[in-house]
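Which chain is which? The protein sequence lines are A and B, in order.
Residue numbering for the first sequence follows our numbering, beginning at 31 and increasing consecutively.
Residue numbering for the second sequence follows our numbering, beginning at 31 and increasing consecutively.
2 protein chains.
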Amino acid sequence: MAGKSSPFQMDLFFQALGDNTRLRLLNLMGNREICVCYLVEVLEQGQPKISRHLAYLRRAGIVAARRDGKWMHYRIVMPPNAGAAQVLSQTLAWLKEDRAMQADRARLSKACCNPAKFVALQGAPLPVPVDRPLES
Amino acid sequence: MAGKSSPFQMDLFFQALGDNTRLRLLNLMGNREICVCYLVEVLEQGQPKISRHLAYLRRAGIVAARRDGKWMHYRIVMPPNAGAAQVLSQTLAWLKEDRAMQADRARLSKACCNPAKFVALQGAPLPVPVDRPLES
DNA sequence: CTAACATATTCGTCAATGCGTATAAATAAG
DNA sequence: CTTATTTATACGCATTGACGAATATGTTAG
């Protein structure tokens, strides 16, 4: 009965982390569930580009999505593989120390403080912390 | 005077880890400096392929090479960036727990025990542990 | 010098990836 | 229903990467 523990594809896992836009997205998610519109606004990248990278991360099992009306919220989920989970946690901690990543988070905070000032964020749902940010 | 701490390219670092052959190479290096001929023999892959992946890892600053006559020895070097070093160490530990990686290391041990049995390894220099395996 | 050996690089091909543009799909509002 | 809004996907194109085969480079032996 015990399901065959699928041989985790380490290379695919690292490939998912091997893109700056995806790292920026993970950095912005951190411990919160966040609406796509914020990601587009903060990163100042085209919406299809953001969406494609989110889909890539979703296929890699690193993030999960939840629909809320028109809005989609993304959050980080820890991979079932223990090694992958550790590396991912470590990577998220690493992101926190990176200058550019800190700047991204600052921009997110600013956008969250007054979403009204950002044309694209009128009435958008605020990011919300996730209970156990790093577990699936 | 203080050199500008080059903004570490995290995405390139992860890209270097995003290939199974390269992960297998890193796994075989582990704490030792190892001759290319063993890598080719153990992984049963074409020599140019191995050489190309080693060059990739070298450009990424993850391994270093030392020439010893006809032979080239490769070893892992820890990246200067602290976050990268932690992730790399973690990844090496992760590799140790992987089935397929363990099999590779077993094959390496066997080849080291009697290099004479492998046609390609006549007189090849044995791998040798590195003092401080994980520092540059 | 030449020959043999170990390793690196080049070349041509193919698949994968990233991008912008355009369009589709899903939902909400009127 | 139609329209607007939010997100996802399809398309075409350029770049990158991985591969095998062939070739080049570097070293040692004779």
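Every residue, glycine too, gets a C-beta built ideally from N, C-alpha and C.
Remember, predicted model here, so these are calculated numbers, not experimental data.
Handout entry: For MET108(B), the nearest candidate out of VAL70(B), ARG97(B), LEU84(B) and LEU122(B) (CA to CA)
Key = For the purposes of this step, residue 108(B) is taken as residue 78 along the second sequence, with counting starting at 1. The option with the nearest alpha carbon to MET108(B) is LEU122(B).
Exercise for the section: Give me the Cβ distance between HIS103(A) and THR51(A), rounded to the nearest whole Å; I'm assuming they're in contact under 8 Å. Expected result: Residue mapping note: residue 103(A) aligns to position 73 of the first sequence, counting from 1. Residue mapping note: residue 51(A) aligns to position 21 of the first sequence, counting from 1. So it is not a contact: roughly 19 Å between Cβ atoms.
Handout entry: Cutoff 8 Å: LEU87(A) Cβ touching any chain B Cβ
Key = In the first sequence, the residue the question calls residue 87(A) occupies position 57. Answer no: the Cβ-Cβ gap between LEU87(A) and chain B never drops below 8 Å.
Problem - Beta-carbon proximity list for VAL70(B), same chain, < 6 Å, skipping 5 on both sides - result: Stepping through the second sequence from its first residue, residue 70(B) is reached at position 40. For VAL70(B), the CB contacts under 6 Å within the same chain, skipping 5 residues up- and downstream, are GLN77 and ILE80 in chain order.
Exercise for the section: Verify the CB distance criterion: does SER166(A) have a CB-CB separation below 8 Å to chain B? Expected result: For the purposes of this step, residue 166(A) is taken as the residue at position 136 of the first sequence. Confidence at SER166(A) is low in this model, with a pLDDT of 44, below 50, so the placement of that residue should be treated as unreliable; the coordinate-derived value is given next. SER166(A) does not count as touching chain B.
Practice task
Rounded to whole angstroms, what's the CA-CA distance from ASP99(A) to SER139(B)? Just pull it up for me.
Solution key: What you label residue 99(A) is simply residue 69 of the first sequence in a count that begins at 1. What you label residue 139(B) is simply residue 109 of the second sequence in a count that begins at 1. Before going further, note that residue 99(A) is Gly rather than Asp in the sequence given. Taking the straight line from one Cα to the other gives about 58 Å.
Practice task
Compare the C-beta of PRO163(A) with all C-beta atoms of chain B and state if any pair is closer than 8 Å.
Solution key: For this step, residue 163(A) is matched to residue 133 along the first sequence. Caution is warranted here: a pLDDT of 48 is assigned to PRO163(A), below 50, making its placement in the model unreliable, and the coordinate value is therefore given only provisionally. Chain B, which has no Cβ nearer than 8 Å to the Cβ of PRO163(A), makes this no.
Problem - Reduced DSSP category for MET40(B) - H, G, I as helix; E, B as strand; rest coil - result: Reading the second sequence from its first residue, position 10 is the one you call residue 40(B). MET40(B) falls in the helix class under three-state DSSP.
Problem - Inter-residue spacing [alpha-carbon to alpha-carbon] between ASP41(A) and ALA141(A) - result: Position 11 of the first sequence, counted from the start, is the residue given in the question as residue 41(A). Position 111 of the first sequence, counted from the start, is the residue given in the question as residue 141(A). Each residue's alpha carbon lies about 35 Å from the other.
Practice task
Report buried or exposed for ARG62(B), applying the criterion of at least 16 other Cβ atoms within 10 angstroms of its Cβ.
Solution key: Along the second sequence, read from residue 1 onward, the residue named residue 62(B) stands at position 32. Under this definition ARG62(B) is a buried residue.
Problem - Straight-line gap, GLU165(B) to ALA94(B) (C-alpha atoms, nearest Å) - result: If you number the second sequence from 1, residue 165(B) lands on position 135. If you number the second sequence from 1, residue 94(B) lands on position 64. Unreliable placement is indicated for GLU165(B), whose pLDDT of 48 sits below 50; the coordinate value is still reported in the next sentence. So the two alpha carbons sit approximately 11 Å from each other.
Practice task
Using 10 angstroms around the beta-carbon of ARG97(A), count the other beta-carbons present and answer buried if the total reaches 16, otherwise exposed.
Solution key: Indexing the first sequence from 1 puts residue 97(A) at position 67. By the neighbour-count rule (16 or more Cβ atoms within 10 Å), ARG97(A) is not buried but exposed.
Exercise for the section: Look at the alpha carbon of PRO163(A) and the alpha carbon of GLY60(A), and state the distance between them as a whole number of angstroms. Expected result: Walking along the first sequence from the start, residue 163(A) turns up at place 133. Walking along the first sequence from the start, residue 60(A) turns up at place 30. At PRO163(A) the pLDDT is 48, less than 50, meaning the model places this residue with poor confidence and gives no usable figure here.
Practice task
Determine the closest residue to CYS67(A) out of TRP101(A), LEU87(A) and LEU58(A), with distance taken between C-alpha atoms.
Solution key: Position 37 of the first sequence holds residue 67(A). Here the closest residue by C-alpha is TRP101(A).
Handout entry: CB contact check: PHE44(A) to chain B, cutoff 8 Å
Key = Your numbering for residue 44(A) matches position 14 in the first sequence. Interface residue, yes.
Practice task
In angstroms with no decimal places, state the Cα-to-Cα distance between ASP134(B) and LEU56(B).
Solution key: Taking the second sequence and counting its residues from 1, one reaches residue 134(B) at position 104. Taking the second sequence and counting its residues from 1, one reaches residue 56(B) at position 26. Between ASP134(B) and LEU56(B), the C-alpha separation is close to 11 Å.
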